[in-house]
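Residue numbers (this note's numbering): 562 to 709.
A virtual CB, placed ideally from N, CA and C, is assigned to each residue, including glycine.
Just so it is clear, the structure is predicted and the values come from calculations on it, not from any experiment.
Worksheet: the structure to be examined is printed underneath.
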Amino acid sequence: MHYELTYLLFKLRVIQPSRTAIRFWIRNEQIDKLEYALKHGNYRTRQYAAEALGVIGCFSSVPVLLNAINDNIQNVSIAALNALEGIGYEDELSSMIIKKRFNWLKVTRDRNNKREVNKGKKYKIYRWERASKKSFDRVKEQLKRPIR
562 MHYELTYLLF
572 KLRVIQPSRT
582 AIRFWIRNEQ
592 IDKLEYALKH
602 GNYRTRQYAA
612 EALGVIGCFS
622 SVPVLLNAIN
632 DNIQNVSIAA
642 LNALEGIGYE
652 DELSSMIIKK
662 RFNWLKVTRD
672 RNNKREVNKG
682 KKYKIYRWER
692 ASKKSFDRVK
702 EQLKRPIR
């Protein structure tokens with residue numbers, strides 16, 4: 562009863578469901594509530610809901626998880642990818658999308674790791690010579706030479 566009230570208040574956008582509420586929905590396999598939480602929750606709720614849908618492993622939640630892959634929050638998209646991998650959805654299009662997304666995540670993580678490694682390094686920055694300064698120095702040198 563308590564978690565039904567939580568879901569009602571969540572639909573009215575008063576509160577966000579807690580992790581225990583999501584665990585209750587997992588135990589009772591209330592997939593519609595988890596899908597709604599994945600679509601309309603804040604970033605933590607979306608992440609928990611994606612993980613929960615992966616635990617349940619229902620094929621009817623695959624379209625919602627495919628939409629969650631393109632979430633702005635990286636943790637939500639990773640949770641959706643892991644859920645799809647846990648479900649074992651073997652469609653050619655979705656497997657291609659999942660593969661590309663995992664590659665993107667790998668590239669992003671590698672770039673961030675490289676940035677962290679190079680954080681303390683100092684680089685020599687060379688200034689480019691301006692053409693006007695170069696021509697001014699040339700004229701100055703010519704004026705120093707005696708006229709013949």
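query: Measure the alpha-carbon distance for ILE659 versus ILE630 and round it to whole angstroms.; result: 8 Å
query: Quick check on this structure: which residue in ASN679, LYS680, ARG676, SER638 has the alpha carbon closest to the alpha carbon of ASN664?; result: SER638
query: Is it true that the CB of ILE592 sits closer than 8 Å to the CB of SER622?; result: yes
query: Less than 8 Å between the C-beta atoms of GLY647 and GLY681, yes or no?; result: no
query: Pop quiz: ARG605 and LEU599 are said to be a contact at Cβ under 8 Å. What is the actual Cβ separation, rounded to whole angstroms?; result: About 12 Å separates the two Cβ atoms, so there is no contact after all.
query: Taking the alpha helix (DSSP H) that ILE617 belongs to, which residues open and close that run?; result: 604-617
query: Go through its chain and collect everything with a Cβ distance to LEU626's Cβ below 7 Å, but skip five positions before and after it.; result: ALA611, LEU614, ALA641, ALA644, LEU645
query: Which class does PRO578 belong to by DSSP, given the choice of helix, strand or coil?; result: coil
query: Between HIS601, PRO578, LEU704, which has its C-alpha nearest ASP632's C-alpha?; result: HIS601
query: Is the beta carbon of ILE617 closer than 8 Å to that of GLU590?; result: yes
query: Give the range of the alpha helix (DSSP H) segment to which PRO568 is assigned.; result: Per the sequence presented here, residue 568 reads as Tyr, with Pro not at that position. Where TYR568 is concerned, the enclosing alpha helix (DSSP H) stretches over 563-572.
query: Between the beta-carbon of LEU595 and the beta-carbon of ILE583, is there less than 8 Å?; result: yes
query: According to DSSP, simplified to helix, strand and coil, what is TYR597?; result: helix
query: Measuring straight from C-alpha to C-alpha, what distance separates ASN679 and THR669?; result: 15 Å
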